[in-house]
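Position one of the sequence shown corresponds to residue 364 (my numbering), numbered consecutively onward.
Glycine residues also receive a C-beta, built at the ideal position from the N, C-alpha and C atoms.
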Amino acid sequence: MRIGMVTAVYKPVINGVTRMVSLYRQHLEAAGHEVYIFTLGDPHPEDEERVIRSPGYMVGDYGYLLTIRYTREAQRLMKQMEVIHSHHLFMSVELAHRYGRCPIVYTNHTRYDLYAGAYTSIPRSASDAIMRQVWPEFTDYADVVVAPSASVAQIMQEFGVRRPIEVIENGVELRPFLQPSRPLCKTALRMPE
């Protein structure tokens with residue numbers, strides 16, 4: 364199956380969304396699927412095969428970009444996907460709907476109700492009102508919505524999300540915990556004993 368992952372941020376940025384998209388890709392390809400990553404920014408020398416980047420505008424200091432459209436190559440490839448999995452509410456679900464001709468899955472990785480107040484100067488009551496408008500509007504572009512926990516699914520419903528919500532807990536790659544690298548001692552880190 365040809366699966367498109369749509370994300371506003373990808374490697375080399377290090378965060379939870381990038382990690383989840385990378386894990387999805389790894390396990391889907393191991394199962395025999397062909398995975399494409401549609402993301403934003405300039406091509407990166409470490410990009411894996413089938414990472415398609417479109418220009419975007421930097422938003423803040425966290426590596427996130429926004430765009431109003433994908434390149435023609437990205438649009439052409441997106442039309443060939445059998446399913447598209449979108450990982451960001453703003454922009455990516457709507458663009459996946461615009462260019463894809465297939466079912467769309469949206470995974471809600473972020474508590475937008477908390478982020479709006481934490482990263483903007485908008486009063487909580489105003490940010491809640493905005494999210495009650497935006498969250499349902501953008502998730503309506505998806506055929507199914509995935510939440511990482513029952514509590515997040517409940518919050519999304521309280522904010523008016525109308526689409527079916529499936530709870531699929533995030534997987535954790537256990538290998539780093541089972542085989543940890545040798546710990547650094549305090550002196551190597553120039554810390555007092």
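In terms of residue numbering, what span does the alpha helix (DSSP H) encompassing H460 cover? S455 to Y462
So, does the segment 377-395 touch the segment 428-443, judging by three or more C-beta pairs under 8 Å? no
Here's the rule: buried if 16 or more other CB atoms are within 10 angstroms of the residue's CB, otherwise exposed. What is V380? buried
Judging by CA-CA distance, which residue of V530, R487, E412 and Y475 is the nearest neighbour of P499? Y475
With distances taken between CB atoms, is the gap from V508 to N471 smaller than 8 Å? yes
Would the beta-carbon of M494 fall within 8 Å of that of F522? In this structure, F522 lies closer than 8 Å to M494 by Cβ.
Are the Cβ atoms of S417 and L403 separated by less than 8 Å? With respect to the 8 Å criterion, S417 and L403 are classified as neighbours on the basis of their beta carbons.
3 or more residues per run - each beta strand (DSSP E) lying fully within the segment 424-509: The segment 424-509 contains these whole beta strand (DSSP E) runs: 427-429, 446-449 and 467-470.
Relative to the C-alpha of I467, which residue among G395, E536 and T502 is closest? T502
Suppose you measure from the CA of M554 to the CA of R545; what does that come to, to the nearest Å? 17 Å
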